[in-house]
Amino acid sequence: MTKNNEQAVLRLSNIDKSFGANHALKNISIQINKGEVIGLIGENGAGKSTLLKILTGIYQPDSGTIEVNGRQSKFRGPRDAAGAGIGVVHQEQSLFTNLTVAENIAMSGAGGAEVKARFGIYNWRKINKSAAETLSIIGSQLDPRTVVGDLSFVDRQMVEIARAIRVDTSKGGSPLVILDEPTSVLERGETAILEREIRKLKDFGSVIFVSHRLDEIMRNCDRIIVMRSGEVVADRATETVTEDELFKLMVGHEAHAKVKSHHDIAKNSQPAVEIRGLGRKGKFSNVSFSVHPGRLTAIVGSTGSGREELSRAIFGAEKFDEGRILIGGREVKSWQIAKAVKSGIGYVPAERKVEGMVGGFSAAENLTLTHPGKAALGPFVNPLARSKVAQGWFDTLDVRPNDIGQDLGRFSGGNQQKVVMAKWLNSPELNVLVLDHPLRGLDPGAAQTVNEQIKLACDNGAAVILLSDTLEEALEMGDEILVMRDGVVSASFDLATDNPSTLDLLERMV
Amino acid sequence: MANSQASALEPVNVDTVAIRIREKNIKTSFIARYAEPLALLGALAVLALIFSLLNPRFATIGNLQNILNQASLPLIIGVGATFVILIGSIDLSVEGVMGASGLAFVLMSANSRGGTDFGVWAFVVAIALGLVLGLISGVIYTKVKVPSFIVTLGMWYVGLGIATILFGTDTVPSLTNSELTTWGAQITQALPNVFWLAAAIVIAGALILRFTRFGRVALSIGNNEDIARANGLKVSNNKILVFVFAGGLSAIAGVIATMQLGMASATVGAGNLFLTIPAVVIGGTSLGGGKGGVFGTAIGVILLTTLNNGLILSGVSPNFQSAVSGAILVLAIVATAWSQRDRLRISK
Numbered sequence: 444m445t446k447n448n449e450q451a452v453l454r455l456s457n458i459d460k461s462f463g464a465n466h467a468l469k470n471i472s473i474q475i476n477k478g479e480v481i482g483l484i485g486e487n488g489a490g491k492s493t494l495l496k497i498l499t500g501i502y503q504p505d506s507g508t509i510e511v512n513g514r515q516s517k518f519r520g521p522r523d524a525a526g527a528g529i530g531v532v533h534q535e536q537s538l539f540t541n542l543t544v545a546e547n548i549a550m551s552g553a554g555g556a557e558v559k560a561r562f563g564i565y566n567w568r569k570i571n572k573s574a575a576e577t578l579s580i581i582g583s584q585l586d587p588r589t590v591v592g593d594l595s596f597v598d599r600q601m602v603e604i605a606r607a608i609r610v611d612t613s614k615g616g617s618p619l620v621i622l623d624e625p626t627s628v629l630e631r632g633e634t635a636i637l638e639r640e641i642r643k644l645k646d647f648g649s650v651i652f653v654s655h656r657l658d659e660i661m662r663n664c665d666r667i668i669v670m671r672s673g674e675v676v677a678d679r680a681t682e683t684v685t686e687d688e689l690f691k692l693m694v695g696h697e698a699h700a701k702v703k704s705h706h707d708i709a710k711n712s713q714p715a716v717e718i719r720g721l722g723r724k725g726k727f728s729n730v731s732f733s734v735h736p737g738r739l740t741a742i743v744g745s746t747g748s749g750r751e752e753l754s755r756a757i758f759g760a761e762k763f764d765e766g767r768i769l770i771g772g773r774e775v776k777s778w779q780i781a782k783a784v785k786s787g788i789g790y791v792p793a794e795r796k797v798e799g800m801v802g803g804f805s806a807a808e809n810l811t812l813t814h815p816g817k818a819a820l821g822p823f824v825n826p827l828a829r830s831k832v833a834q835g836w837f838d839t840l841d842v843r844p845n846d847i848g849q850d851l852g853r854f855s856g857g858n859q860q861k862v863v864m865a866k867w868l869n870s871p872e873l874n875v876l877v878l879d880h881p882l883r884g885l886d887p888g889a890a891q892t893v894n895e896q897i898k899l900a901c902d903n904g905a906a907v908i909l910l911s912d913t914l915e916e917a918l919e920m921g922d923e924i925l926v927m928r929d930g931v932v933s934a935s936f937d938l939a940t941d942n943p944s945t946l947d948l949l950e951r952m953v
Numbered sequence: 058m059a060n061s062q063a064s065a066l067e068p069v070n071v072d073t074v075a076i077r078i079r080e081k082n083i084k085t086s087f088i089a090r091y092a093e094p095l096a097l098l099g100a101l102a103v104l105a106l107i108f109s110l111l112n113p114r115f116a117t118i119g120n121l122q123n124i125l126n127q128a129s130l131p132l133i134i135g136v137g138a139t140f141v142i143l144i145g146s147i148d149l150s151v152e153g154v155m156g157a158s159g160l161a162f163v164l165m166s167a168n169s170r171g172g173t174d175f176g177v178w179a180f181v182v183a184i185a186l187g188l189v190l191g192l193i194s195g196v197i198y199t200k201v202k203v204p205s206f207i208v209t210l211g212m213w214y215v216g217l218g219i220a221t222i223l224f225g226t227d228t229v230p231s232l233t234n235s236e237l238t239t240w241g242a243q244i245t246q247a248l249p250n251v252f253w254l255a256a257a258i259v260i261a262g263a264l265i266l267r268f269t270r271f272g273r274v275a276l277s278i279g280n281n282e283d284i285a286r287a288n289g290l291k292v293s294n295n296k297i298l299v300f301v302f303a304g305g306l307s308a309i310a311g312v313i314a315t316m317q318l319g320m321a322s323a324t325v326g327a328g329n330l331f332l333t334i335p336a337v338v339i340g341g342t343s344l345g346g347g348k349g350g351v352f353g354t355a356i357g358v359i360l361l362t363t364l365n366n367g368l369i370l371s372g373v374s375p376n377f378q379s380a381v382s383g384a385i386l387v388l389a390i391v392a393t394a395w396s397q398r399d400r401l402r403i404s405k
């Protein structure tokens, strides 16, 4: 139709999809050209996932057409989409951690044809060579014989990308790689590598980049498509929009001004938590710091810096073998989770689904599990009071859908996280809150709500220890920043007096 | 254009930072991989040293041949059990399959009850019986989605039942061909024949696991079945094949055991399961699937067989034998799981 028809890798016209009464996609029309990096953003529930599932053949649209490389296509399943040149890197990694890089690449659906085992017998040399070739296309020098479980997250992500570009493009045209929140589990340095790779992908294909981090989207994408309530509300060249505009387009209202909850240390006040020379063999050693009530200390560090282990040791979820922990001035003995909870420590784990919640339990049950408050009558549960407590939190935190009886596993990530936070905030005696990547994978709207809760916890006198996703987050929210490297504290900054840049922090991380 | 220029201006040290982080992560994990088998071999050496100090008869050629002879059946069964456990399942039917195949073998060979001697077909039919029993377990397990634990527990008794029916009420059939009954214990090149067979099966098992699609898909299923399905792998078929494979190996073990016994017995396999499954786990194969291998199992089997042999030679009273070897098994399993207990704690 148009003159750039030739270079259109993908063209969607009037795609519609409903699930019962839920109109998930309304008349979606977009076009993606060769060599373009498209940012796709939207809150959870905006229809992004549905759209991606249609692109990858998992769902079929109710109406509308999909054209790939100028040919009208119908995907009956994931294999068809792969065959047409569309590869996905999923948010949750889909690699076999016990197999090698080469095998993982070879095992992917359509791409595995040329290394298919003859009589079922593997030709390792051929598999390794073919994988090395694919990896070199994306500029990765990973050894194909490495076991995936030994790789860092960013390298695993590279393997995923290698798999995605192995889609069958034999019929001509160029591949389209969909990166579904590829950076949500990456640390800063790793993200930089991935971004570099994305730029390389432009040489031979197109990219749809889905992310909740607007700064990343702005840095990496040529064009940004914003979805809200099943519709495309904006399709703009990156130069023509600002981050604030994007936020507004996604959420429907302005971003709240970012105000830090700042509390000075009151004179002669007791730190809520004090760590003295804490160490665990092979993980971290000689860590000392203290956090006063109402203050937030952010700990930054790369993978392997020991900050995760440290935060878990403070909560009693892992051992430490030297040093002392003082809570409210009193040293703890034979520390374990049950005691930590009793002394008013809360912990929001990074692995929300595994450690932070009981899937299959309702949101209300989850919320009142640890600190039932009024919801308990001695050993008994008072269902009416529980509903009241849960409903109160649901309203405060704007949890959607507003249904306290629904299985927590069925809420979206952001809303799950709100409930997990509320579980601890429900304790009137919350002294210390340990947060391990609380904003990981949350859309900006949900992230903002959780952020506000963290500030509120500070205002209410809790000391917060935050393991942030990004350095910017640490700088934005922290009163103090602790940098860890190889298990020791390599620097600390009091943000009231120091003003470190992200580069200052990075330099002390390695 | 503007974009690529902006990216070129990005500070270079960010990337080197990340690369250094990456190199560090790869290095640390390298040593860990060979620690486990080395620790096992170390344990075996310590065990051998202790027993040879306790009883000079332990470290004789005759006794070592004896240990390898005793280890052979668990080695053969262990290869199948390793595959089954690698896909995250369990096969408890071993002893039943052994009994059924053993009886089928006796009745089709020259035996004291008479009947026809089918020669090599006796082997074929006996092993085919094991394959079929494995196939039935595998199909029920994958198609009806019953836990393998329960299916094979039932199949154990089905196998024993088949053996009992074949046994009948007549006289006990025994093998009359002395070539068959003495083959296993005969020494070739300093090692018992039956051990050569077991070693060949172990090596074949390791090669299958490393070099065939069957083996690799089994490993990937154990790692993550959902991802395997999403990748279009034929998960159910592969699982069924694993049970067929294990059934076949149990049948071979049943035939060998019967040959060594010289006569038919429905319970010819008794005691093998108890030794094999712990040996697989001690050998480093994770009960959750996906991690482990055949050589680890082989070391585990030799370790446990040496333990049993050494306990007898050290004069532990037969009354205590069972309790002691049970307790030591539990200890060995605890020792094996010790390094993983943190991880276990996370996964609750």
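If you're matching them up, the sequences are chains A and B in order.
Sequential numbering of the first sequence, starting at 444, is according to the working numbering.
Sequential numbering of the second sequence, starting at 58, is according to the working numbering.
We put the CB at the ideal spot given by N, CA and C, even for glycine.
Query, Result
"Tell me the rounded alpha-carbon separation between Phe-180 of chain B and Val-312 of chain B.", "7 angstroms"
"Nearest chain A C-beta to Phe-300 of chain B closer than 8 angstroms, yes or no?", "no"
"Pick helix, strand or coil for Asn-470 of chain A, following the three-state DSSP scheme.", "strand"
"Alpha helix (DSSP H) containing Ile-708 of chain A: first to last residue?", "Looking at the DSSP string, Ile-708 of chain A is not in any alpha helix (DSSP H), and its letter there is neither H nor E."
"Name, in chain order, the residues that DSSP records as bridge partners for Phe-462 of chain A.", "A:Asn-465"
"Beta strand (DSSP E) containing Leu-483 of chain A: first to last residue?", "480-484"
"Using 8 angstroms as the limit for Cβ to Cβ distance, is Thr-839 of chain A near chain B?", "no"
"If you count every other CB in all the chains shown that lies within 10 Å of the CB of Trp-836 of chain A, and 16 or more means buried, which is it?", "buried"
"Within the 8 angstroms Cβ cut-off, does Gly-284 of chain B reach chain A?", "Rather than Gly, the amino acid found at residue 284 of chain B in this sequence is Ile. Answer yes: the Cβ-Cβ gap between Ile-284 of chain B and chain A drops below 8 angstroms somewhere."
"Let me check understanding here. Comparing Cα to Cα, which of A:Gln-536, A:Asn-571, A:Pro-943, A:Asn-845 lies closest to Ile-604 of chain A?", "A:Gln-536"
"Against Phe-162 of chain B, what residues of chain A qualify as contacts under a CB-to-CB distance less than 9 angstroms, listed in chain order?", "Chain A residues near Phe-162 of chain B: none, gap ~29 angstroms exceeds 9 angstroms."
"From this set, A:Glu-576, A:Ser-516, A:Val-532, A:Arg-522, which residue's C-alpha is nearest Ala-545 of chain A's C-alpha?", "A:Glu-576"
"For the region 241-303 of chain B, which segments carrying the alpha helix (DSSP H) assignment without a break, of at least 4 residues, lie completely within its bounds, in sequence order?", "250-268, 270-280, 282-287"
"When you compare the CB of Leu-106 of chain B with every CB in chain C, is at least one pair closer than 8 angstroms?", "The chain labelled as chain C is not found among the protein chains of the depicted structure, namely A and B."
"Identify the continuous beta strand (DSSP E) that holds Ala-906 of chain A and give its terminal residues.", "906-910"
"In the DSSP assignment, find the unbroken beta strand (DSSP E) run with Ser-194 of chain B in it and report its ends.", "Taken as a continuous stretch (DSSP letters only), Ser-194 of chain B belongs to no beta strand (DSSP E), being part of the alpha helix (DSSP H) at 177-200."
"Helix, strand or coil: which one does DSSP assign to Val-164 of chain B?", "A quick correction: the sequence has Leu, not Val, at residue 164 of chain B. The answer is helix: DSSP assigns Leu-164 of chain B an H, G or I state."
"Excluding the 5 residues flanking Pro-881 of chain A on each side, which residues of the same chain have their C-beta closer than 8 angstroms to its C-beta?", "Val-791, Gln-860, Met-864, Val-893, Ile-897, Leu-909"
"Against Ile-564 of chain A, what residues of chain B qualify as contacts under a CB-to-CB distance less than 7 angstroms, listed in chain order?", "Phe-268, Thr-269"
"Using a 10 Å radius around the Cβ and a threshold of 16 neighbouring Cβ atoms, would you call Asp-586 of chain A buried or exposed?", "exposed"
"Looking at the C-beta of Val-391 of chain B, does it have a partner C-beta in chain A at a distance below 8 angstroms?", "no"
"Report the rounded CA-to-CA distance for Ala-355 of chain B versus Gly-135 of chain B, giving the unit in angstroms.", "7 angstroms"
"Looking at Gln-127 of chain B: is its Cβ nearer than 8 angstroms to the Cβ of Asn-366 of chain B?", "yes"
"Whose Cβ in chain A lies nearer than 8 angstroms to the Cβ of Ala-287 of chain B?", "Pro-521, Ser-537"
"Using the DSSP secondary-structure output, state which residues sit across from Ile-651 of chain A in a beta bridge.", "A:Ile-481, A:Ile-621"
"Which residues does DSSP list as the beta-bridge partners of Ser-805 of chain A?", "A:Asp-850"
"Is it buried or exposed, Gln-474 of chain A, if we count other Cβ atoms within 10 angstroms and call 16 or more buried?", "buried"
"Buried or exposed for Gly-357 of chain B, please, with buried defined as at least 16 other CB atoms from any protein chain shown within 10 angstroms of its CB.", "buried"
"Please report the residue range of the alpha helix (DSSP H) in which Phe-352 of chain B lies.", "351-370"
"Quick one: is Glu-546 of chain A near chain B, going by C-beta distance under 8 angstroms?", "yes"
"Cutting at 7 angstroms between CB atoms, please list the residues of its own chain near Leu-868 of chain A, excluding the five before and the five after it.", "Gln-896, Ala-900"
"Quick one, which residues of the region 344-355 of chain B are near chain A if we go by CB-CB under 7 angstroms, in chain order?", "Gly-347, Lys-348"
"List the residues of chain A that Leu-276 of chain B touches, going by C-beta distances under 7 angstroms, in chain order.", "Asn-541, Leu-542"
"Please list the terminal residues of the continuous alpha helix (DSSP H) segment that includes Gln-515 of chain A.", "Run containing Gln-515 of chain A: none in the alpha helix (DSSP H); it sits in the beta strand (DSSP E), 514-516."
"What does the alpha-carbon distance come out to for the pair Asp-72 of chain B and Ile-636 of chain A?", "Here the model assigns Asp-72 of chain B a pLDDT of 43, short of 50, so the residue's position is not dependable and the matter cannot be decided."
"In whole angstroms, what separates the C-alpha of Thr-239 of chain B from that of Ala-105 of chain B?", "28 angstroms"
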